[in-house]
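For reference, the structure discussed in these notes is given below.
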Amino acid sequence: MKSKVVVYGPLYGKWYAILVNDGVAAESTPFESYEATLDFASRRYPALEQERQPYARGRDDDHRASPAEETAQV
1 MKSKVVVYGP LYGKWYAILV NDGVAAESTP FESYEATLDF ASRRYPALEQ ERQPYARGRD
61 DDHRASPAEE TAQV
């Protein structure tokens with residue numbers, strides 16, 4: 001089974017850490033900030049790949065990650 005953690009947001013002021021197993025969302029946890037979401041994902045799923053998915057593609061995002069952060073190995 002291929003698993004990864006997707007950091008998604010902001011959506012209605014929340015960021016989400018989503019555990020994805022074989023392309024299907026298995027678990028989602030909401031957070032108030034991008035940093036809190038990354039911290040949770042790093043602690044809860046330390047061996048999994050992390051991927052950032054911005055909610056609104058093409059719009060400016062104050063929390064936009066650098067290309068190196070978009071797909072980071074934890």
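Counting in full-length UniProt numbering, the sequence shown runs from 1 upward without gaps.
For glycine and all other residues, C-beta sits at the position ideal for the given N, C-alpha and C.
Check                                                                                                             : Outcome
Starting from Ala25, follow the beta strand (DSSP E) in both directions and report where the run begins and ends. : Val24 to Phe31
With distances taken Cα to Cα, identify the nearest neighbour of Ser28 among Glu51, Glu35 and Val20.              : Val20
Less than 8 Å separating the beta-carbons of Pro35 and Val6?                                                      : As written in the sequence, residue 35 is Glu, which differs from the Pro given in the question. No.
Please name the residue or residues paired with Leu19 in a DSSP beta bridge.                                      : Val5 and Glu27
Does DSSP put Leu38 in a helix, a strand or coil?                                                                 : helix
Nearest-angstrom Cα distance between Lys4 and Trp15?                                                              : 16 Å
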